[in-house]
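*Asks:*
2 protein chains.
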Amino acid sequence: MMTSSPFPDGAQRQAARQAKRDAVLLAAVRMFNARGFHATSLDDVAASLGISKPTIYHYLGTKDQVLLECVTLGLNQLLDAVAEARGKPGTGLARLRAFLISYVQVNMDDFGRCVIRTGDEMLSPESGKRFRHLKREIDTALRSLIREAIADGSMAPVDERIAAFTFAGALNWPARWFDPDGPKTAEATAEQMVDLLLGGCTPR
Amino acid sequence: MMTSSPFPDGAQRQAARQAKRDAVLLAAVRMFNARGFHATSLDDVAASLGISKPTIYHYLGTKDQVLLECVTLGLNQLLDAVAEARGKPGTGLARLRAFLISYVQVNMDDFGRCVIRTGDEMLSPESGKRFRHLKREIDTALRSLIREAIADGSMAPVDERIAAFTFAGALNWPARWFDPDGPKTAEATAEQMVDLLLGGCTPR
DNA sequence: GATGCAATATACTCATGAGTAGATAATATC
DNA sequence: GATATTATCTACTCATGAGTATATTGCATC
Numbered sequence: 003m004m005t006s007s008p009f010p011d012g013a014q015r016q017a018a019r020q021a022k023r024d025a026v027l028l029a030a031v032r033m034f035n036a037r038g039f040h041a042t043s044l045d046d047v048a049a050s051l052g053i054s055k056p057t058i059y060h061y062l063g064t065k066d067q068v069l070l071e072c073v074t075l076g077l078n079q080l081l082d083a084v085a086e087a088r089g090k091p092g093t094g095l096a097r098l099r100a101f102l103i104s105y106v107q108v109n110m111d112d113f114g115r116c117v118i119r120t121g122d123e124m125l126s127p128e129s130g131k132r133f134r135h136l137k138r139e140i141d142t143a144l145r146s147l148i149r150e151a152i153a154d155g156s157m158a159p160v161d162e163r164i165a166a167f168t169f170a171g172a173l174n175w176p177a178r179w180f181d182p183d184g185p186k187t188a189e190a191t192a193e194q195m196v197d198l199l200l201g202g203c204t205p206r
Numbered sequence: 003m004m005t006s007s008p009f010p011d012g013a014q015r016q017a018a019r020q021a022k023r024d025a026v027l028l029a030a031v032r033m034f035n036a037r038g039f040h041a042t043s044l045d046d047v048a049a050s051l052g053i054s055k056p057t058i059y060h061y062l063g064t065k066d067q068v069l070l071e072c073v074t075l076g077l078n079q080l081l082d083a084v085a086e087a088r089g090k091p092g093t094g095l096a097r098l099r100a101f102l103i104s105y106v107q108v109n110m111d112d113f114g115r116c117v118i119r120t121g122d123e124m125l126s127p128e129s130g131k132r133f134r135h136l137k138r139e140i141d142t143a144l145r146s147l148i149r150e151a152i153a154d155g156s157m158a159p160v161d162e163r164i165a166a167f168t169f170a171g172a173l174n175w176p177a178r179w180f181d182p183d184g185p186k187t188a189e190a191t192a193e194q195m196v197d198l199l200l201g202g203c204t205p206r
């Protein structure tokens with residue numbers, strides 16, 4: 003690591019700015035998740051960082067923009083998970099399984115949690131539109147992974163729409179109950195849930 | 003049906019009062035579900051019924067009490083479903099299946115939807131406590147139904163906690179997406195979801 | 001060393017919406 | 001018929017919290 007001079011150059015200043023922006027965003031999303039969006043004021047967020055409200059406006063803009071940024075980050079993590087699963091070898095079911103496992107894990111994390119806990123009515127009409135659009139992308143990707151698994155015979159021919167909603171619902175829920183400080187790791191929990199979901203529970 | 007006299011007796015007045023109370027509650031829960039609790043003012047609810055805000059206070063009390071009443075109704079429907087499933091004959095799995103099917107259907111309806119869409123942070127501390135208590139009862143019942151199904155061998159020996167969360171999550175989600183005016187009935191959708199959940203989707 | 005932009009603060013404005021006070025009418029009870 | 005109770009309204013109060021106007025400091029560039 004380079005010792006940074008007390009006279010930062012452009013790139014360093016840029017990076018510092020970005021770091022501050024990120025810190026504000028993280029503080030905000032954590033508070034939104036802990037107390038709920040409406041029960042969190044920007045003054046609270048600012049206070050938790052020892053700064054003032056206008057500073058948040060300086061880095062991120064209105065409360066609506068802050069929330070949109072949070073959910074966008076979460077949804078981008080999901081999009082990345084789609085791409086990664088798509089790149090994997092193996093049957094359609096194996097790829098679906100890989101995606102679902104990443105999906106739960108994102109939902110257990112700060113920004114993914116926020117995606118689940120945010121209803122579109124909390125955002126302004128325009129941001130809500132953007133939010134719904136991104137969510138639709140994920141849903142479409144999930145459905146096509148299901149379709150492909152059925153097509154190559156690695157998955158039983160179930161109703162694609164119902165399966166997508168059922169899987170998504172089950173795997174969204176940890177956003178509400180999973181405790182990162184609990185005994186089981188996120189990964190182990192994720193795998194157990196996905197295997198139950200795909201395998202069912204009728205005795206063999 | 004008896005023709006009601008223009009001079010109602012005590013019982014009739016009591017019934018009329020109850021009917022008004024119910025109407026207010028229904029209007030409120032529908033609006034909460036459509037726009038979100040925070041985006042709904044009691045003035046809006048009152049206006050939708052052609053009455054004024056103090057009338058709502060007369061029948062139901064504060065906004066917090068209105069919401070608590072809504073979720074309590076929803077949770078009581080779930081408690082009824084538990085009792086009904088418990089009374090059924092058949093294997094543990096059959097009883098579990100019966101409960102899960104009722105469970106989804108409640109979640110597709112006005113008050114059940116509200117239970118799902120309400121986070122405990124939306125209620126006052128005391129009401130939140132009551133809310134969590136009732137939810138815990140349902141969770142406990144679900145877990146014991148699972149435990150019993152495993153005990154009598156009709157269900158594979160899965161982790162009870164994980165299964166409860168997975169099932170509940172999957173079956174809570176319709177509160178967000180199910181459209182009662184859509185093509186498929188609530189009952190058919192419910193059965194499809196539950197069968198997928200219990201049976202899994204690996205090819206046979 | 002003047003001028004401008006970046007970062008931050010203090011101290012406002014202003015809308016919203018929960019909850020209440022108090023009036024009024026109608027109905028019930030004595 | 002006098003008096004209490006129920007149902008309802010209009011018209012407030014008051015707290016909260018989003019968003020802004022404006023001041024200050026400091027670095028950056030010319």
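For the record, the sequence lines run as chains A and B.
Read in order, the letters of the first sequence correspond to residues 3 to 206 in this note's numbering.
Read in order, the letters of the second sequence correspond to residues 3 to 206 in this note's numbering.
Note that beta-carbon positions come from the ideal geometry of N, C-alpha and C, so glycine has one too.
(1) Which residues, in chain order, does the region 99-110 of chain B contribute to contact with chain A at a C-beta distance below 9 Å?
(2) In chain B, which residues lie with their C-beta within 7 Å of the C-beta of C72 (chain A)?
(3) So for R19 (chain A), helix, strand or coil by DSSP?
(4) Name the two residues that bound the continuous alpha helix (DSSP H) containing L75 (chain A).
(5) Could you round the C-beta distance between R37 (chain B) and E150 (chain A) to whole angstroms and report it? I think they count as a contact, below 8 Å.
(6) My assumption, with CB atoms under 8 Å, is that L27 (chain B) sits in contact with T74 (chain B). Please give the rounded CB distance.
(7) What is the residue span of the alpha helix (DSSP H) that P201 (chain B) lies within?
(8) DSSP three-state call for H40 (chain A): helix, strand or coil?
(9) Taking the alpha-carbon positions, what's the L77 (chain B) to R97 (chain B) distance?
(10) Whose Cβ in chain A lies nearer than 7 Å to the Cβ of S146 (chain B)?
(11) Taking the C-alpha atoms as reference points, what is the distance between I103 (chain B) and A192 (chain B)?
(12) In three-state DSSP terms, what is V160 (chain A)?
(13) Within 8 Å of any Cβ in chain A, is that where the Cβ of N35 (chain B) sits?
(14) Looking at F180 (chain A): is its Cβ nearer than 8 Å to the Cβ of W175 (chain B)?
(15) Consider the Cβ of V47 (chain B): report whether some Cβ of chain A lies at a distance smaller than 8 Å.
(16) Short of 7 Å in beta carbon distance, which residues of its chain neighbour V31 (chain B), apart from the five on each side in sequence? Order them along the chain.
(17) Starting from the Cα of V84 (chain A), find the closest Cα among A:Q107, A:T64, A:K65 and A:Q67 and give me that residue.
(18) Beta-carbon separation of T120 (chain B) and F39 (chain B) under 8 Å?
(19) For a cutoff of 8 Å on Cβ pairs, would you count P205 (chain B) as touching chain A?
(20) Kindly indicate if chain A contains any beta-carbon less than 8 Å away from that of D161 (chain B).
(21) Does G171 (chain B) pass the burial test, meaning 16 or more other C-beta atoms within 10 Å, or should it be called exposed?
(22) Using 10 angstroms around the beta-carbon of A165 (chain A), count the other beta-carbons present and answer buried if the total reaches 16, otherwise exposed.
(23) What in chain B is Cβ-close to Q194 (chain A), meaning under 7 Å?
*Replies:* The short version:
(1) Listed in sequence order: no entries.
(2) By Cβ distance, chain B contributes nothing, its closest Cβ being about 16 Å from C72 (chain A), past 7 Å.
(3) The answer is helix: DSSP assigns R19 (chain A) an H, G or I state.
(4) Annotation for L75 (chain A): the continuous alpha helix (DSSP H) segment containing it runs K65 to G89.
(5) Actually they are not in contact, since the Cβ atoms of R37 (chain B) and E150 (chain A) sit about 38 Å apart, beyond 8 Å.
(6) A Cβ-Cβ separation of about 10 Å leaves L27 (chain B) out of contact with T74 (chain B) under the 8 Å criterion.
(7) What sits at residue 201 (chain B) in the sequence shown is Gly, not Pro. In the DSSP annotation of this structure, the continuous segment of the alpha helix (DSSP H) that includes G201 (chain B) starts and ends at A188 to G201.
(8) DSSP places H40 (chain A) in coil when its eight states are reduced to three.
(9) Taking the CA atoms as reference points, L77 (chain B) sits about 19 Å from R97 (chain B).
(10) Ordered by position in chain A, no residue passes the 7 Å Cβ test against S146 (chain B), which lies about 16 Å from the chain.
(11) For I103 (chain B) and A192 (chain B), the distance between alpha carbons rounds to 6 Å.
(12) Here V160 (chain A) sits in coil by DSSP.
(13) Taking Cβ atoms only, chain A never reaches closer than 8 Å to N35 (chain B), which makes this a no.
(14) In this structure, the beta-carbon distance from F180 (chain A) to W175 (chain B) does not fall below 8 Å.
(15) Taking Cβ atoms only, chain A never reaches closer than 8 Å to V47 (chain B), which makes this a no.
(16) Within the same chain, Cβ atoms closer than 7 Å to the Cβ of V31 (chain B) are found at C72, D112, F113 and C116, the five residues on either side in sequence being excluded.
(17) For the residues A:Q107, A:T64, A:K65 and A:Q67, the minimum Cα distance to V84 (chain A) belongs to A:Q107.
(18) Yes, the pair counts as a contact, with Cβ atoms nearer than the cut-off.
(19) So, interface residue.
(20) Chain A places a beta carbon closer than 8 Å to that of D161 (chain B), counting this residue as a contact.
(21) The residue is buried, with at least 16 neighbouring Cβ atoms inside 10 Å.
(22) Buried, since its Cβ has 16 or more Cβ neighbours within 10 Å.
(23) For Q194 (chain A), the chain B residues whose C-beta falls within less than 7 Å of its own C-beta are D161 and I164, listed in chain order.
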